[in-house]
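**Student:** Before I ask anything, here is the structure I am working with.
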Amino acid sequence: MRGRPCLAAAGLLLAAAGCGLTSGSPLTDDVKPGSIGRGEPLKGAHLTVTSKSFTEQLILGSIMGIAFEAAGADVVDRTGIQGSIGSREAVRKGDADAGYEYTGTAWITYLGHGKPITDPQEQWEAVQKEDARNGLVWLPPSRLDNTYALAMNQRNAKKYGTKTMSDVAKLAKSDPGAVKLCVEVEFANRADGLPGMQQAYGMDVPARNITQMDTGIIYTQTAKGNCTYGEVFTTDGRIKSMNLVVMDDDKKFFPNYNAAPMINAGSLKEWPAIADVLNPVTAKLDNSVAQTLNAKVDVDGEDPHQVALDWMVEEGFVEE
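Take any residue in the sequence shown, note its place counting from 1, add 4, and you have its number in this note's numbering.
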């Protein structure tokens, strides 16, 4: 969903133009099975894990690679591919075996559907069914939903008492000057962004009350209260670190972007234990977990791979 500088979780720059798959590094974590990977069902497998280049994807790619390692596989880390399409194409073509992807991104961006499916389970099922023809298998999704939202600071939350997007729409009518929005340029112009949101909720915010700015500035200005509401991503670590309050999308306008393992069909056929290894890990992922892990990287400056490893150990999935 978001772009980030092109780098790999292990600090390895990918050499090809556009961060292609011409290089990678073996994962060498000294891990053994915990609650997953017992009996090393992937022993003998040589698996390549990929991801996009933003923080959450680097962490998810590392989580997947560590899980495979604990189950006995030799793993090559090719995380950190710039843009959305590169990591997907790597898995589709068999240049990589697996990566975490988002259901909404697949449905809207890759499969070309203009209208998202409201129910997250139905969205995943539709993606799973349609993407099978592309040689891709989608394992069960997580509750981690990296979608859009509006957020405000604690002081404004107490002052205005809004908890849902419908509340924000009501406030915009009763006290138009109170609703000052800070949004990204892209969000301001996307059908599944500001225009669609205002239409879906009957929200009429004057143009003078809408400020377009870069993502990072939105968080800081929202935390300071200069924006009553800021556009955020629901799994961003800055939500928790800045103690922001997220408005509930009560009409389910924003698409579901649930993270799920996307596996090359041939790889899964050869190593069906991949599903058993990943399913318990995926089931543990939600927005709170993602916010915490993302903050360790984006706020505290920790290494994405180390953050992933620490979490896998803390949860008992693997042992060091």
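Even glycine gets a Cβ: it sits at the ideal position worked out from N, Cα and C.
1) Reducing DSSP to helix, strand and coil, say where R82 ends up.
2) N160: which of D33, K47, N193, V249 sits nearest, CA to CA?
3) Does the separation of the CB atoms of V317 and K36 fall below 8 Å?
4) According to DSSP, S29 sits in a beta bridge with which residue or residues?
5) Excluding sequence positions up to five away, which residues of its chain have a Cβ less than 7 Å from the Cβ of E60?
6) Span of the beta strand (DSSP E) holding E235?
7) Quick check on T59: does DSSP put it in helix, strand or coil?
8) Report the residue ranges of all alpha helix (DSSP H) runs contained in full by the stretch 85-131; include only those spanning at least 4 residues, in chain order.
9) So if DSSP puts Y152 in a beta bridge, which residue, or which two residues, is it bridged to?
10) Do you know offhand how far K162's Cα is from N230's?
11) Please give the ranges of any alpha helix (DSSP H) in the stretch 235-304, keeping only runs that are unbroken, at least 4 residues long and fully inside the region.
12) Could you give the distance in angstroms between the alpha-carbon of G305 and the alpha-carbon of V311?
13) Count Cβ pairs between the stretch 95-104 and the stretch 47-57 that sit closer than 8 Å; are there 3 or more?
14) I need the boundaries of the beta strand (DSSP E) containing I214, first residue and last residue.
15) Quick check: the stretch 277-285 against the stretch 214-222, are there 3 or more CB pairs under 8 Å?
16) Buried or exposed: where does L189 fall if 16 or more other Cβ atoms within 10 Å of its Cβ makes it buried?
17) Out of V172, L31, I89, N260, point me to the one whose CA is closest to D78's CA.
18) Can you tell me whether DSSP reads V35 as helix, strand or coil?
19) Where do the ends of the alpha helix (DSSP H) carrying V360 lie?
20) Can you tell me which of A75, P265, H309 puts its alpha carbon nearest to the alpha carbon of D81?
21) With a threshold of 6 Å on Cβ separation, who are the neighbours of Q132 within its own chain once the five nearest residues in sequence on each side are excluded?
22) Rounded to whole angstroms, what is the Cα-Cα separation between A204 and G90?
23) For the beta strand (DSSP E) containing V141, name the first residue and the last one.
**Tutor:** Short version:
1) strand
2) V249
3) no
4) D81
5) N150, T239, A294, N298
6) 233-237
7) helix
8) 89-97
9) F237
10) 15 Å
11) 241-245, 269-274, 277-288, 291-302
12) 10 Å
13) yes
14) 214-216
15) no
16) At residue 189 the sequence reads Val, which differs from the Leu that was named. Under this definition V189 is an exposed residue.
17) L31
18) coil
19) Because the chain spans 5 through 324 in this model, residue 360 falls outside it and cannot be assessed.
20) H309
21) W142
22) 33 Å
23) 140-142
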